[in-house]
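If you read the sequence shown in our numbering, its first letter stands for residue 75, the second for the next number, and so on. Quick reminder that beta carbons are idealized off the backbone N, C-alpha and C, glycines included. No experiment lies behind these values; they were computed from the predicted model shown. Here's the structure we're looking at; comments come further down.
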Amino acid sequence: MRYLPLIFSFLLAYCFTPLGYAQESLNMDLFDLANTGDDRYSGSWVYIDTSNNREYALLGATGGTAIFDITEAPIEQLAFIQGPPSNWREITVVDGFAYVVTEGRGEGEGMQVIDLRSLPTAAQLVTTYTNTFTTGHIIQRDIYSDLPFVYVNGVCNNCGVNILDISNPEEPKEVGQYSPGYYIHDCHVKGDYLYAAAFQEGTIDIVDISDKTRPVLKAQIDDPGGNTHSSWLSEDSQYLIISDELDGLPARIWNIADLENMFEVATYTGNANSLTHNPYVRGDFAFFSHNTEGLRVVDIKDPRLPLEVGYYDTYDKASGGFRGLWSACPYLPSGKIIGGDREMGLYVWTFNNTVANRIYVTILDATTNETIDEVDLTINAEAGKEFPSGQFGYATLEEQLNLSVLASGYETVDTLITLEDGEQRAITIHVAPISVSTIDFNQLTNKVKAFPNPYRNTTTLDLSALPTANRIEVYDAAMNLYDSRILDDKAHLLELKKEGQSSGVFYYMIYDKFDSLLATGKVLKI
């Protein structure tokens, strides 16, 4: 039975194809768009029938759960399972059954269990679980395993995560709870660990669930943004992406390889006026439901250097707030991605798998082959990201990179690098120390006066004409550096005093805080 009239389907197909509903996009195409006629939509998930290679999308609507066949376009609504009315309806699918929770109350409240195995012919509600809760905010599962468990978050204002055994879908049984005494908004589950987003606490709780009956808190990440909404692991489980549900806060990427030494390595936002909401990871890509910025695809092959490589904007009004794309799911064998937009309904996209180019730069002293302290590297006029090792990194979709290296006391190096699509290249740049003997110490002397000059014991430099002076170096006649100091930015007079030095010419070089040479000169000691 079809719940969407054929005439309405035709109108949707006409109005909401790429021809009828153009949106800003990058490396993504709209496969199709449909809705149920409800006024609000929220969570979405997918079901794959491997027996006949059909792909289905489930969409949370105000009045229930809509089920679509999205194998071909135009996509077709096959069923609608009614539930209590709510603006928030979240879904997951395990082994041919959909599990649906909502905060709505009324007839049918509880965790609905929907049998999908007879699709495309039919889908039916088989039971509604109400034994230990009747409302829930978000439901999750471990998508990386076939374990028969679901995890329900936010069943009350100070509840944690309820763990249910669904090995018999018609009779779910609660087997455990993570109960920290405060509200858990959402969770991510992989293997023996649960990553619980404590919204008001501003933490991600990392919980050992190897024994589902006795979850144990192992570590916590203090989220400096607060409003901690959700998280997802990188494929290798070494990094955790955390999203905050508040405009202006970026997603944060943490290295969690060592639970006793976790640290933030990068942030991402497509627009600081909006919020990143739910991250999902597939391979080297993170997919963000970026609310008013639509679906955003970020290359996280190196999580320290995330780069947006694709997007499809579903909302053409002002950024900010809880409108636009609410959810997304990228886990279909065909590569299609689905999303639930608050106003528009179900989106289905394709992404061309564009990847980022990255360059990793090591800068060495050409004479000693050692790293140099305090180096500035710009790539295409942007600062390269310096890692703790001293190496610099940069991610881009561009293929030609203009590199400029600036270091105090060294020759400036400018070079052009050409990368191939998706290339990850490491290079080493050697920079040569500036030869003091090549500098004309008679230049700019009119800007700095030394008195007395010649001098016997002490001379003073008048720096009043150099308000940005930051550092001075002084060399003897053999060009040996014997004095280097940071200048007081409030001082206009600088005393040079070198007792015990023999008579002769001495040279000085004055720099600003960016290590640009401001003035040079020479003085004579008699």
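Take the Cβ of residue i as the centre, count every other Cβ of all protein chains shown within 10 Å, and call the residue buried at 16 or more, exposed below.
i       : result
Asn-454 : exposed
Leu-93  : Residue placement at Leu-93 is flagged as unreliable, the pLDDT there being 35, under the threshold of 50; the coordinate-derived value follows with that caveat. The residue in question, Leu-93, is exposed, as its Cβ has fewer than 16 Cβ neighbours within 10 Å.
Met-583 : buried
Gly-357 : exposed
Ala-340 : buried
Arg-179 : exposed
Val-422 : buried
Glu-494 : exposed
Leu-349 : buried
Pro-377 : buried
Gln-312 : exposed
Val-167 : buried
Gly-255 : exposed
Leu-379 : buried
Ala-172 : buried
Val-200 : exposed
Which two residues bound the contiguous beta strand (DSSP E) that contains residue i?
i       : result
Met-185 : 185–189
Pro-353 : 353–356
Tyr-529 : No beta strand (DSSP E) contains Tyr-529, which DSSP labels as neither H nor E.
Thr-436 : 431–439
Lys-587 : Looking at the DSSP string, Lys-587 is not in any beta strand (DSSP E), and its letter there is neither H nor E.
Asp-106 : 102–108
Val-548 : 545–549
Arg-559 : 555–560
Ser-401 : 399–403
Thr-176 : 171–176
Thr-452 : 449–453
Val-522 : From DSSP, Val-522 is part of no beta strand (DSSP E); its letter is neither H nor E.
Arg-179 : Premise fails: Arg-179 is in no beta strand (DSSP E) and is neither H nor E.
Phe-425 : 419–425
Ala-552 : Looking at the DSSP string, Ala-552 is not in any beta strand (DSSP E), and its letter there is neither H nor E.
Ala-539 : Looking at the DSSP string, Ala-539 is not in any beta strand (DSSP E), and its letter there is neither H nor E.
Ile-141 : 138–143
Ser-363 : 359–363
Quick check: what's the CA-CA separation for residue i versus residue j?
i       : j       : result
Leu-518 : Arg-499 : At Leu-518 the pLDDT is 48, less than 50, meaning the model places this residue with poor confidence; the figure from the coordinates comes in the next sentence. Rounded to the nearest angstrom, the two C-alpha atoms are 42 angstroms apart.
Phe-580 : Ala-551 : 6 angstroms
Phe-142 : Ile-240 : 24 angstroms
Ser-590 : Arg-545 : 10 angstroms
Tyr-88  : Ala-457 : Any reading at Tyr-88 must be qualified, since the residue scores a pLDDT of 37, below 50, and its modelled position is unreliable; no value is offered.
Asp-447 : Leu-480 : 11 angstroms
Ala-108 : Arg-114 : 13 angstroms
Gly-344 : Thr-542 : 37 angstroms
Pro-353 : Gln-274 : 19 angstroms
Leu-333 : Gly-134 : 36 angstroms
Ile-600 : Tyr-556 : 18 angstroms
Tyr-218 : Asp-279 : 20 angstroms
Asp-390 : Glu-146 : 27 angstroms
Cys-61  : Asp-216 : Any property of residue 61 remains undetermined from this structure, which presents the chain solely from 75 to 600.
Val-187 : Met-102 : 33 angstroms
Thr-206 : Glu-248 : 8 angstroms
Gly-44  : Gly-322 : Nothing can be reported for residue 44, as the shown portion of the chain is limited to 75 through 600.
Lys-521 : Ala-293 : 60 angstroms
Glu-382 : Lys-596 : 53 angstroms
Leu-399 : Ile-258 : 22 angstroms
Phe-588 : Asp-562 : 15 angstroms
Asp-373 : Asp-123 : 29 angstroms
Ala-392 : Glu-367 : 10 angstroms
Glu-183 : Thr-208 : 6 angstroms
Glu-485 : Leu-451 : 13 angstroms
Leu-80  : Ala-346 : Unreliable placement is indicated for Leu-80, whose pLDDT of 32 sits below 50; no coordinate value is reported for it.
Gln-156 : Ser-116 : 15 angstroms
Helix, strand or coil for residue i? Go by DSSP, reduced to three states.
i       : result
Lys-292 : strand
Trp-162 : coil
Gly-409 : coil
Ile-149 : coil
Met-583 : strand
Arg-370 : strand
Glu-444 : coil
Tyr-115 : strand
Ile-389 : Residue identity differs from the one stated: residue 389 is Tyr in this sequence, not Ile. Of the three classes helix, strand and coil, the one that applies to Tyr-389 here is coil, per DSSP.
Leu-132 : strand
Asp-376 : coil
Thr-124 : coil
Ala-346 : coil
Gly-384 : strand
Gly-276 : coil
Given the structure, does residue i come close to the ligand ATP, in the sense that its CB is under 8 angstroms from one of the ligand's heavy atoms?
i       : result
Tyr-225 : Questions concerning the ligand ATP fall outside what the structure shown contains, since it holds no ligand whatsoever.
Contiguous alpha helix (DSSP H) assignments of at least 4 residues, all confined to the stretch 458–520: For the stretch 458–520, not a single whole alpha helix (DSSP H) run of length 4 or above is found.
Ranges of the beta strand (DSSP E) found wholly within the stretch 189–273, counting only runs of at least 3: Runs of the beta strand (DSSP E) inside the stretch 189–273: 198–203, 212–214, 223–227, 235–239, 247–252, 260–264, 267–272.
Sequence ranges, beta strand (DSSP E) only - wholly within the stretch 280–342, length at least 3: Contiguous beta strand (DSSP E) elements confined to the stretch 280–342 occur at 290–296, 302–307, 313–318, 325–329, 337–342, taking only those with 3 or more residues.
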